[in-house]
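Q: Got a structure for you, written out below as structure tokens; questions coming shortly.
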Amino acid sequence: MMNKMIVANLAHRPVRSAISILAIALEVALILLIVGLSIGMLNDSRSRQAGIGADVIVLPPSSSNIVGVTGAPMPVKIGELIQKLPHVSVVSPVLIQISAGGGRVQNIFGIDIGTFEALHPFTYLSGGPFQHPDDVLVDDVYASGNHVKVADEIGVLNQHFRVAGIVAHGQGARIFLPLAKLQDLNGAPGRASAFYIKADNPAHTADLVAEIKAIPHMESYGVHSMREYLSMLTPDNVPMLSTFIRIVIGISVTIGFIVIFQAMYAAVMERTREIGILKSLGASKLYIINTILRETALLAILGILLGMAISFTAKAGMHERLPTLPVEITSRWLLRATIIAIVGAIAGAIYPAFKAAQKDPIDALAYE
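First residue of the sequence shown? That's 235 in our numbering, and the numbers climb one at a time after it.
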């Protein structure tokens with residue numbers, strides 16, 4: 235009986251109910267899409283770093299955990315010192331440039347192709363290595379998303395480059411230029427953003443890290459085993475990302491809270507007479523509160539389902555239009571978004587529910 239009454243109450247004001255459901259849906263979609271985009275980009279970066287094939291990474295002093303945001307402050311000659319260490323097999327200097335051209339953020343690697351492929355050879359799907367300074371390699375995700383094939387010209391950093399080869403994705407970046415060329419474009423001759431190092435034996439990785447740190451003046455550099463470095467690529471370790479996620483959640487919850495509060499408060503005011511009838515028939519305060527909160531919970535559930543549908547539809551659309559932009563909607567965040575939306579909605583309905591329960595049945599029956 236109560237459930238029928240709740241459904242009838244929602245159907246009696248379809249526009250208000252639809253707005254409440256839509257507000258909760260937007261709350262859920264905002265959380266899932268923005269958090270999914272943030273975590274997707276982070277996990278994508280981590281997997282591509284792992285695919286490079288290095289055992290150790292060397293970053294500049296006081297550098298961020300995210301490779302590429304530190305410019306090119308290290309002399310390439312540092313690599314020559316590292317190469318002399320007993321447990322070193324390969325040292326590959328990489329210059330990293332972040333480009334936001336065309337409304338898309340891209341990580342561009344300037345590589346010495348000989349040493350970079352010594353870490354882990356490229357899998358060429360078509361074409362081959364650089365032949366000229368103005369050649370570029372792109373991965374298959376970039377090529378598919380931008381309809382690029384070998385011998386096409388593409389714009390990178392306001393320059394035109396010929397696509398020499400298309401490689402399988404998963405090795406650091408989506409665009410690769412010759413190291414010397416990117417150094418010239420970046421105004422950083424003889425500089426590198428990171429050194430990727432392969433040990434003569436993976437079992438010697440810890441010894442190699444200690445040997446690099448023992449080089450004079452290298453104690454302040456970021457020297458990490460790749461296992462350690464990849465473990466740091468989490469939202470809590472990326473500057474401001476966890477704060478950003480909390481802000482997004484806070485804004486989302488505020489939207490849901492305000493809309494539900496307004497909708498349920500207005501509903502209570504409009505149903506003063508109905509509440510009086512219920513109380514005159516013996517309905518307790520708890521019964522009235524339970525009715526309001528169950529109505530709110532139904533709105534929240536419908537909004538959550540709609541929000542999830544919007545999120546997965548938007549994810550599919552983004553993948554189709556921007557294949558290089560990863561969005562991860564995990565079961566963990568589906569559960570979190572559900573709990574956040576329900577708690578926010580119930581919190582918004584508590585005051586209207588208690589206000590309804592406090593109404594005097596005589597006054598309520600006299601209400602016009």
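By construction, the Cβ of each residue, glycine as well, lies at the ideal position given by its N, Cα and C atoms.
1) Look up R396 in the DSSP assignment and give the residues it is bridged to.
2) Alpha carbons only, please: which of L329, A428 and S360 is nearest the one belonging to G421?
3) Consult DSSP for M236 and reduce its assignment to one of helix, strand or coil.
4) Need the endpoints of the alpha helix (DSSP H) that A543 sits in, please.
5) According to DSSP, is L360 part of a helix, a strand, or is it coil?
6) At which residues does the alpha helix (DSSP H) containing N221 begin and terminate?
7) In terms of residue numbering, what span does the alpha helix (DSSP H) encompassing G274 cover?
8) Which of the three DSSP states, helix, strand or coil, is assigned to Q331?
9) Of all the options I481, G361, L267 and Q317, which has the alpha carbon lying nearest to the alpha carbon of I449?
10) Please state if the CB of V372 and the CB of T349 are separated by a distance shorter than 8 Å.
11) Could you give the DSSP three-state label for Y430: helix, strand or coil?
12) Can you have a look at R425 and say buried or exposed, based on whether 16 or more other CB atoms are within 10 angstroms of its CB?
13) Roughly how many angstroms separate the alpha carbons of Q405 and E351, rounded to a whole number?
14) At which residues does the beta strand (DSSP E) containing N341 begin and terminate?
15) Three or more C-beta pairs under 8 Å: does that hold for the region 409–419 against the region 275–282?
16) Using the three-state DSSP reduction, which class does V561 fall into: helix, strand or coil?
17) Is A598 helix, strand or coil when you go by DSSP?
A: The relevant details are as follows:
1) In the sequence shown, counting from the first residue as 1, residue 396 sits at position 162. Bridge partners of R396: D369 and E387.
2) One-based indexing of the sequence shown puts residue 421 at position 187. Minimum Cα distance to G421 is reached at L329.
3) Residue 236 sits at position 2 when you count from the first residue of the sequence shown. Since pLDDT at M236 reaches only 48, below the 50 mark, its modelled position is unreliable, and the value read off the structure follows with that caveat. Annotated three-state conformation of M236 is helix, per DSSP.
4) Within the sequence shown, residue 543 is the residue found at index 309, counting from 1. Boundaries of the alpha helix (DSSP H) around A543: K519 to R555.
5) Counted from its first residue, the sequence shown places residue 360 at position 126. A small correction: the amino acid at residue 360 is Ser; Leu does not occupy that position in the sequence shown. Strand, per DSSP.
6) Outside the displayed span of the chain (235 to 602) sits residue 221, for which this structure offers no information.
7) On the sequence shown, residue 274 is found 40 positions in, with the first residue counted as 1. Element bounds for G274: P248 to A284.
8) Stepping through the sequence shown from its first residue, residue 331 is reached at position 97. Q331 falls in the strand class under three-state DSSP.
9) Numbered from its first residue, the sequence shown carries residue 449 at position 215. Answer by Cα proximity: Q317.
10) Locating residue 349 in the sequence shown gives position 115, counting from the first residue. Locating residue 372 in the sequence shown gives position 138, counting from the first residue. No; because the gap between Cβ atoms is not below 8 Å, this pair is not in contact.
11) Walking along the sequence shown from the start, residue 430 turns up at place 196. Looking at Y430 - three-state DSSP - the assignment turns out to be strand.
12) Position 191 of the sequence shown, counted from the first residue, corresponds to residue 425. It is buried - the Cβ of R425 has at least 16 other Cβ atoms within 10 Å.
13) Within the sequence shown, the letter at position 171 stands for residue 405. Within the sequence shown, the letter at position 117 stands for residue 351. If you take the alpha carbons of Q405 and E351, they lie about 10 Å apart.
14) For the purposes of this step, residue 341 is taken as residue 107 along the sequence shown, with counting starting at 1. Start and end: Q340 to I345.
15) No, the region 409–419 does not touch the region 275–282.
16) Along the sequence shown, one-based indexing puts residue 561 at 327. Coil at V561, not helix or strand.
17) Mapped onto the sequence shown, residue 598 falls at position 364. Per-residue confidence for A598 stands at a pLDDT of 49, beneath the threshold of 50, marking its modelled position as unreliable; no derived number is given.
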